[in-house]
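Engineer: One structure, pasted below without further comment.
There are 2 protein chains.
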Amino acid sequence: MSERGTMVYDLLRQVRPLVLNSARVVEASLRADGLTVGTRAVLEILAERGPMTVPDIGDHLDLARQGIQRHVDDLTALGLTETRDNPAHRRSVLIAATPAGTELFARIRADELARLGTMAAEHGPADLVIALRVLESLNRDVRRQRDLS
Amino acid sequence: MSERGTMVYDLLRQVRPLVLNSARVVEASLRADGLTVGTRAVLEILAERGPMTVPDIGDHLDLARQGIQRHVDDLTALGLTETRDNPAHRRSVLIAATPAGTELFARIRADELARLGTMAAEHGPADLVIALRVLESLNRDVRRQRDLS
Chain U
7 MSERGTMVYD LLRQVRPLVL NSARVVEASL RADGLTVGTR AVLEILAERG PMTVPDIGDH
67 LDLARQGIQR HVDDLTALGL TETRDNPAHR RSVLIAATPA GTELFARIRA DELARLGTMA
127 AEHGPADLVI ALRVLESLNR DVRRQRDLS
Chain G
7 MSERGTMVYD LLRQVRPLVL NSARVVEASL RADGLTVGTR AVLEILAERG PMTVPDIGDH
67 LDLARQGIQR HVDDLTALGL TETRDNPAHR RSVLIAATPA GTELFARIRA DELARLGTMA
127 AEHGPADLVI ALRVLESLNR DVRRQRDLS
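Top line first, the protein sequences correspond to chains U and G.
The first sequence begins at 7 in our numbering and counts up by one.
The second sequence begins at 7 in our numbering and counts up by one.
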């Protein structure tokens with residue numbers, strides 16, 4: 007059990023530098039469009055899943071409501087998101103990507119995918135699928151522990 | 007290439023929530039010992055690699071010097087680290103784990119490994135090794151891009 011624990015531990019030690027350095031790479035490439043890693047993540051959720059409330063965005067990103075609201079304000083100032091009436095709840099508006107926001111996210115994503123496609127080139131698709139499944143399982147179990155602690 | 011890019015992208019989307027939620031779980035369990043995720047990371051490097059300077063700790067953790075110095079100050083106040091003369095450079099001291107620091111880290115690590123050993127239980131060791139290799143390759147390539155950007 008401890009040997010298995012060490013393997014999971016080694017795996018988790020890889021993820022922090024990956025997040026930090028990915029964020030720096032993405033930040034550098036987003037700067038020209040006036041976006042940050044945070045505003046990009048919010049724009050992504052809205053472009054992919056459609057309009058939702060600020061708390062719903064927070065649930066998807068595992069982030070606090072206040073941070074999300076700031077990102078939404080920044081995106082709205084850039085003309086990339088807008089508020090819409092919520093048919094389900096009169097008092098909690100929906101946030102939606104504007105056509106300009108949807109278009110910008112599509113371009114950003116295409117550039118990113120081209121760059122990402124060149125990475126970890128020594129691993130074939132089968133390895134990438136296994137790595138994805140392992141990370142999904144870890145996420146599920148770490149989330150469970152978080153909710154217990 | 008774009009399909010491969012999408013696979014790497016899906017993989018990278020898993021790592022951010024994993025880092026955030028792991029940090030919350032670890033924080034909760036460290037609180038009783040007066041440690042944080044940051045001070046724990048510094049103590050770990052020192053316990054595993056031996057005494058080193060603050061800039062060297064920063065290089066290992068991909069963190070700025072100022073943050074490291076604060077963590078070292080906190081650890082020293084807790085009696086878990088101490089400064090030592092640096093035989094190589096008279097003006098840059100070495101930071102070392104004290105016996106109490108080494109012992110505390112060993113206990114923390116044993117507890118963590120026991121907990122981690124129960125995670126992602128549907129994946130055998132072969133899958134964990136593949137996932138680790140993929141993340142190592144991604145880290146290498148993302149670091150390269152960071153240095154270019």
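Heads up, the beta-carbon is just placed ideally off N, CA and C, and yes, glycines get one too.
Give the C-beta separation of residue 60 (chain U) and residue 75 (chain U) to the nearest angstrom, bearing in mind that I take them to be a contact with Cβ-Cβ under 8 angstroms.
Structural biologist: Locating residue 60 (chain U) in the first sequence gives position 54, counting from the first residue. Locating residue 75 (chain U) in the first sequence gives position 69, counting from the first residue. Separation of the CB atoms of residue 60 (chain U) and residue 75 (chain U) is rounded to 6 angstroms, and the pair is thereby assigned contact status at 8 angstroms.
Engineer: At 7 angstroms on the CB atoms, spell out the chain U contacts of residue 136 (chain G), in chain order.
Structural biologist: The residue you call residue 136 (chain G) lines up with position 130 of the second sequence. Within chain U, the residues 133, 136 and 137 have their CB atoms less than 7 angstroms from the CB of residue 136 (chain G), given in chain order.
Engineer: Per DSSP, what are the beta-bridge partners of residue 58 (chain G) in this structure?
Structural biologist: Here residue 58 (chain G) refers to the residue found at position 52 when the second sequence is read from its first residue. Answer is G:101.
Engineer: So, for residue 102 (chain G): in the same chain, excluding its five sequence neighbours on each side, which residues have a beta-carbon less than 7 angstroms away from its beta-carbon?
Structural biologist: As a working note, residue 102 (chain G) is residue 96 in the second sequence. In its chain, beyond the 5 residues on either side, 52, 57, 87, 88 and 90 have a beta carbon closer than 7 angstroms to the beta carbon of residue 102 (chain G).
Engineer: Taking the alpha carbon of residue 141 (chain G) as the point to measure from, which residue in U:155, U:13, U:11 and U:21 has its own alpha carbon closest?
Structural biologist: Translated into positions along the second sequence, residue 141 (chain G) becomes position 135. Nearest of U:155, U:13, U:11 and U:21 to residue 141 (chain G), Cα basis: U:21.
Engineer: Taking only beta carbons into account, state which residues of the segment 117-128 of chain U come closer than 9 angstroms to chain G, listed in chain order.
Structural biologist: 118, 119, 120, 121, 122, 123, 124, 125, 126, 127 and 128
Engineer: Using the three-state DSSP reduction, which class does residue 71 (chain U) fall into: helix, strand or coil?
Structural biologist: Translated into the one-based positions of the first sequence, residue 71 (chain U) becomes position 65. Correct three-state label for residue 71 (chain U): helix.
Engineer: Which residues of chain G have a Cβ atom closer than 7 angstroms to the Cβ of residue 34 (chain U), listed in chain order?
Structural biologist: For the purposes of this step, residue 34 (chain U) is identified with residue 28 of the first sequence, where counting begins at 1. Those are 155, listed as they occur along chain G.
Engineer: Where do the N-terminal and C-terminal ends of the beta strand (DSSP E) with residue 89 (chain U) fall, by residue?
Structural biologist: Counting from one through the first sequence, the residue named residue 89 (chain U) turns up at place 83. From DSSP, the beta strand (DSSP E) with residue 89 (chain U) extends over 87-90.
Engineer: Quick one: which chain U residues come within Cβ less than 9 angstroms of residue 39 (chain G)?
Structural biologist: One-based indexing of the second sequence puts residue 39 (chain G) at position 33. Here the premise fails: no neighbours, minimum Cβ distance about 15 angstroms.
Engineer: Check whether the Cβ atoms of residue 28 (chain U) and residue 18 (chain G) lie closer than 8 angstroms to each other.
Structural biologist: What you label residue 28 (chain U) is simply residue 22 of the first sequence in a count that begins at 1. What you label residue 18 (chain G) is simply residue 12 of the second sequence in a count that begins at 1. Their beta carbons are under 8 angstroms apart, which means residue 28 (chain U) touches residue 18 (chain G) by this criterion.
Engineer: What whole-angstrom Cβ distance do residue 35 (chain U) and residue 117 (chain U) have, given they're in contact under 8 angstroms?
Structural biologist: Your numbering for residue 35 (chain U) matches position 29 in the first sequence. Your numbering for residue 117 (chain U) matches position 111 in the first sequence. That pair is a contact at about 7 angstroms.
Engineer: Please identify the residue among U:154, U:149 and U:155 whose C-alpha is closest to the C-alpha of residue 24 (chain G).
Structural biologist: As a working note, residue 24 (chain G) is residue 18 in the second sequence. Checked all of U:154, U:149 and U:155; the closest Cα to residue 24 (chain G) is U:149.
Engineer: State the Cα-Cα distance for the pair residue 40 (chain U) and residue 82 (chain U), rounded to the nearest angstrom.
Structural biologist: Counted from its first residue, the first sequence places residue 40 (chain U) at position 34. Counted from its first residue, the first sequence places residue 82 (chain U) at position 76. Distance between the alpha carbons of residue 40 (chain U) and residue 82 (chain U): 12 angstroms.
Engineer: Given this structure, state the Cα-to-Cα distance separating residue 78 (chain G) from residue 62 (chain G), to the nearest angstrom.
Structural biologist: Counting from 1 along the second sequence, the entry for residue 78 (chain G) is found at position 72. Counting from 1 along the second sequence, the entry for residue 62 (chain G) is found at position 56. Cα to Cα, the separation comes out at about 13 angstroms.
Engineer: Can you name, in chain order, every residue of its own chain whose Cβ lies under 6 angstroms from the Cβ of residue 67 (chain G), other than the five neighbours on each side?
Structural biologist: By 1-based counting over the second sequence, the position of residue 67 (chain G) is 61. 47, listed in sequence order.
Engineer: Where do the ends of the alpha helix (DSSP H) carrying residue 11 (chain U) lie?
Structural biologist: Within the first sequence, the letter at position 5 stands for residue 11 (chain U). First-last of the alpha helix (DSSP H) with residue 11 (chain U): 8-36.
Engineer: Are the C-beta of residue 142 (chain U) and some C-beta of chain G separated by less than 8 angstroms?
Structural biologist: If you number the first sequence from 1, residue 142 (chain U) lands on position 136. Interface residue, yes.
Engineer: Short of 7 angstroms Cβ to Cβ, which residues in the segment 14-31 of chain G face chain U?
Structural biologist: Those would be 14, 15, 16, 17, 18, 20, 21, 22, 23, 24, 25, 26, 27, 28, 30 and 31, in chain order.
Engineer: Of the choices G:130, G:128 and G:137, whose alpha-carbon is the least far from that of residue 132 (chain U)?
Structural biologist: Counted from its first residue, the first sequence places residue 132 (chain U) at position 126. For the residues G:130, G:128 and G:137, the minimum Cα distance to residue 132 (chain U) belongs to G:137.
Engineer: Let me know if residue 95 (chain G) comes out buried or exposed under the rule of 16 or more other beta-carbons within 10 Å of its beta-carbon.
Structural biologist: The sequence position of residue 95 (chain G) within the second sequence is 89, counting from 1. Result: exposed.
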